[in-house]
Amino acid sequence: MGIHTWLLSGLPSWPLRHVQPQTWWHVREGEGLYEEEFAKENRVVGVLWNNKRDSGLWFAPPEWRECRLGIQLLPLLPVSEVVFEDVGFVKDLVQWTLPALERDGVGEGWKGFVYALEGIYDKSTALEKIRGLKEHDDGNSLSNLLWWIYSRG
7 MGIHTWLLSG
17 LPSWPLRHVQ
27 PQTWWHVREG
37 EGLYEEEFAK
47 ENRVVGVLWN
57 NKRDSGLWFA
67 PPEWRECRLG
77 IQLLPLLPVS
87 EVVFEDVGFV
97 KDLVQWTLPA
107 LERDGVGEGW
117 KGFVYALEGI
127 YDKSTALEKI
137 RGLKEHDDGN
147 SLSNLLWWIY
157 SRG
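Residues in the sequence shown are numbered consecutively from 7, following the working numbering.
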């Protein structure tokens, strides 16, 4: 199979691929997919199993919201703007996550993902925060974050 045939073979499923994370991992109050208490306290799912969902990750407790946001955004690519196309949800997710960044010991790398999403609706504030980062996640870089911010509409 040639590269073009291989690439084209994935196109029919593309419309569903960006809806799946929005459906299963993005938590919105009042949608009814998850029980009310869970939806009230969460904006993203940590781990989704076939028979349950967890708020934490295998490497982070539920309180580490920045990790949950980051793991759902990684890697930060052009398609990320499709997965996170609902600006209202993005604002809600970032506001839900920001208080966790005040915790002692929060990794600079995880902050970068929060600021990247903040850049969808507040480019100048996000850019200022990104420029203040001293480190970046292994799956990210300053150049990638700058590309993301400057490529926002």
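Heads up, the beta-carbon is just placed ideally off N, CA and C, and yes, glycines get one too.
All of these numbers come straight from a predicted model, not from anything done at the bench.
Contact under 9 angstroms by Cβ, residue i with residue j
i    : j    : result
S61  : E43  : no
D98  : W116 : no
Q26  : V50  : no
V120 : T131 : no
L82  : L151 : yes
G111 : I136 : no
K140 : E124 : no
L80  : G145 : yes
R109 : K129 : no
Element boundaries [alpha helix (DSSP H), containing residue i]
i    : result
I136 : K129 to R137
G115 : E114 to E124
K97  : V93 to T103
W55  : Where W55 is concerned, there is no enclosing alpha helix (DSSP H), given that its DSSP letter is neither H nor E.
Cβ distance (whole Å) where residue i is taken to contact residue j below 8 angstroms
i    : j    : result
G89  : I126 : Residue identity check: residue 89 is Val in the sequence provided, not Gly. 11 angstroms between Cβ atoms; not a contact.
A122 : W153 : At roughly 10 angstroms, the Cβ-Cβ gap does not stay under 8 angstroms, so A122 and W153 are not in contact.
W70  : A106 : 6 angstroms
G52  : R34  : At roughly 16 angstroms, the Cβ-Cβ gap does not stay under 8 angstroms, so G52 and R34 are not in contact.
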